[in-house]
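Residue numbers (my numbering): 407 to 654. Glycine included, each C-beta is placed from N, C-alpha and C at the ideal position. For reference, the structure is listed below as structure tokens.
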């Protein structure tokens with residue numbers, strides 16, 4: 407346990423030092439560019455690589471107790487793209503906006519994954535218990551409250567839908583069509599069928615696979631009904647006789 411804590415502390419310190427070094431480097435580059443411009447009178451500055459530090463000016467820090475991680479990540483991604491931040495720097499920008507408990511969670515990941523934004527995003531969604539099925543429910547049942555505008559509500563609904571289909575790897579019109587139709591079929595399927603295939607129910611997005619499983623369920627159910635009926639018809643009825651008291 408002590409070794410694990412030391413490792414996490416070292417990783418967190420390393421990330422902090424890396425971010426501080428990046429900030430200092432960018433400040434020094436800016437100062438050098440000013441000196442160059444002043445010395446030769448040139449107004450043709452070198453194109454600088456956009457810094458993830460800029461995101462702290464446009465994206466509020468995440469509140470892990472009251473915030474919605476999906477909406478936060480959606481805003482973060484939009485602002486990162488708008489600022490033209492390189493995707494390999496997104497995790498560094500994300501760490502600047504996260505509370506210490508989330509930074510520690512991310513710091514536990516391996517070296518090969520620590521800079522992979524899509525991987526870290528999945529870690530965060532899992533941490534806050536968001537699955538494709540949860541996004542589906544939010545998309546279908548999310549309600550607008552009086553404090554939010556219709557534009558905000560539209561953004562939230564769109565985000566839930568996007569996360570739902572991305573979580574199921576829906577990347578074509580055919581897959582999207584199958585997803586919508588299977589969702590309607592599932593609503594009409596018997597509740598017992600859902601429990602029978604519970605482990606895979608939420609990820610069944612193939613029309614033919616879902617139809618085959620429901621037909622299989624119906625066949626098994628009809629066989630059971632037939633067996634029950636046959637036993638009732640052909641099993642002999644046990645006759646119970648009361649024993650009479652012996653004459654004394």
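Opening and closing residue of the alpha helix (DSSP H) in which residue i lies
i, result
"residue 478", "475-488"
"residue 546", "538-547"
"residue 524", "523-533"
DSSP-derived helix/strand/coil call for residue i
i, result
"residue 555", "coil"
"residue 457", "coil"
"residue 595", "coil"
"residue 610", "coil"
"residue 655", "The question about residue 655 has no answer here: the residues shown for the chain are numbered 407 through 654."
"residue 514", "coil"
"residue 468", "coil"
"residue 401", "Summary: the structure shown does not reach residue 401, with the chain confined to residues 407 through 654, and so no result is reported for it."
"residue 605", "helix"
"residue 625", "helix"
"residue 584", "helix"
"residue 444", "Because the pLDDT of residue 444 is 49, which lies under 50, any placement of that residue in the model is unreliable, and the number read from its coordinates should be weighed accordingly. Three-state DSSP puts residue 444 in a helix."
"residue 494", "helix"
"residue 508", "helix"
"residue 571", "helix"
"residue 656", "This structure gives no information on residue 656, because the portion of the chain shown stretches from 407 to 654."
"residue 355", "Absent from the structure is residue 355, since the part of the chain shown begins at 407 and ends at 654."
Residue i, buried or exposed, once every other Cβ within 10 Å from all chains shown has been counted against 16
i, result
"residue 595", "buried"
"residue 655", "For the chain, the structure presents residues 407 to 654; residue 655 sits outside this window and is missing."
"residue 557", "exposed"
"residue 616", "buried"
"residue 565", "buried"
"residue 457", "buried"
"residue 611", "buried"
"residue 495", "buried"
8 Å contact criterion, which residue i and residue j should meet: CB distance rounded
i, j, result
"residue 541", "residue 573", "6 Å"
"residue 465", "residue 482", "5 Å"
"residue 536", "residue 567", "Not a contact, Cβ separation roughly 14 Å."
"residue 539", "residue 608", "4 Å"
"residue 503", "residue 530", "Wrong, their Cβ atoms sit about 12 Å apart, outside the cutoff."
"residue 534", "residue 475", "5 Å"
"residue 584", "residue 620", "15 Å between Cβ atoms; not a contact."
"residue 505", "residue 468", "7 Å"
"residue 591", "residue 582", "Actually they are not in contact, since the Cβ atoms of residue 591 and residue 582 sit about 15 Å apart, beyond 8 Å."
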